[in-house]
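Note that the sequence shown covers residues 0 to 83 in numbering that gives the first Met the number 0.
Just so you know, even glycine gets a beta-carbon here, dropped at the ideal spot from N, CA and C.
In this text, all values refer to a predicted model and were calculated from it rather than measured experimentally.
Encoded as structure tokens, the structure appears first; notes follow it.
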Amino acid sequence: MEFIEILGLLAASLTTAAFVPQVFKVLKAKSTKDISLSMYLVMFTGVVLWLIYGLHHGSAPIIFANSITALLTFSVIVLKLKYK
0 MEFIEILGLL AASLTTAAFV PQVFKVLKAK STKDISLSMY LVMFTGVVLW
50 LIYGLHHGSA PIIFANSITA LLTFSVIVLK LKYK
């Protein structure tokens with residue numbers, strides 16, 4: 000594996016991991032009062048578009064990061080609607 004692919008996977012892992020604490024916090028608190036639904040909808044849309052782009056180009060880091068980030072952001076959207 001090339002260095003640049005490893006760098007991409009590391010970057011993907013870190014930026015994706017940034018969403019994990021938010022999901023756990025929402026699950027623990029059962030509150031989404033301070034979370035912007037519009038921000039998460041825009042983020043989810045952007046992530047899905049990046050995923051499509053990554054699939055088109057066969058880029059593992061882009062596919063990896065955006066698949067997981069899409070699941071995490073979608074989870075927050077569902078929880079935002081649930082705990083409204």
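Report task. Using a Cβ-Cβ cut-off of 8 angstroms, state whether Val75 counts as contacting chain B. Result -> Annotation note: the requested chain B is absent from the structure, which comprises a single protein chain.
Query - Other residues of its chain near Gln21: CB distance less than 7 angstroms, five sequence neighbours each side excluded - result: Here residue 21 corresponds to residue number 22 of the sequence shown, with the count starting at 1. Excluding residues within five positions, the ones whose Cβ falls inside 7 angstroms are Val75.
Query raised in the report: DSSP state of Ile34, grouped into three classes?
Result: Along the sequence shown, one-based indexing puts residue 34 at 35. Of the three classes helix, strand and coil, the one that applies to Ile34 here is coil, per DSSP.
Requested in this report: Report the residue from Ala64, Ala10 and Leu80 whose alpha carbon sits nearest the alpha carbon of Gly53.
Outcome: The residue labelled residue 53 in the question sits at position 54 within the sequence shown. It is Ala64 whose Cα lies nearest to the Cα of Gly53.
Requested in this report: Report buried or exposed for Met0, applying the criterion of at least 16 other Cβ atoms within 10 angstroms of its Cβ.
Outcome: Working through the sequence shown from its first residue, we reach residue 0 at position 1. Exposed is the call here.
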